Amino acid sequence: MRLKLMALLALAAIAYANQQYCKCECSGNSVLGKIDRCGLCNSSWCLQQNDKLCEDEEAEDIMISCFQIESSKEKFIIVVFVLSVLALLVAGYWR
-7 MRLKLMALLA LAAIAYANQQ YCKCECSGNS VLGKIDRCGL CNSSWCLQQN DKLCEDEEAE
53 DIMISCFQIE SSKEKFIIVV FVLSVLALLV AGYWR
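Residue 64 in this note's numbering is what sits at position 72 of the sequence shown, and the numbering runs on without skipping anything.
Following this line, the structure appears as structure tokens:
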């Protein structure tokens, strides 16, 4: 019983760990990279990734956006589906 609970908690943690991305645009150039949290997505991070991002303009003109591609709901649905299929396979094997 404890093993099942631990496995379920581990799957839930994986399902809710979303990767966030930072996108920076300036002077027609862009930088896209993975970040741990959106608070790190700022102009200094953008210039660390590409120091030639704003060659013609100033650093204040950087357009910054933080986003995540996958949602927690999508991951949860996929995990539930996989667990359901595995449960059906195990139940079919034991019959």
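Just so it is clear, CB atoms sit at the ideal spot from N, CA and C, and this is done for glycine as well.
Source: prediction; values computed, not measured.
Sufficient close CB pairs (3 or more, under 8 Å) joining the segment 27 to 34 to the segment 52 to 71: yes
Simplified DSSP state of residue 40, which is helix, strand or coil: Helix, per DSSP.
Rounded separation between residue 50 and residue 19 - CA only: 9 Å
Residue 11 - partner residues in DSSP beta bridges: Partner(s): none; residue 11 has no beta bridge.
Neighbourhood of residue 53 by C-beta distance below 7 Å, restricted to the same chain and skipping five residues each side: 18 and 46
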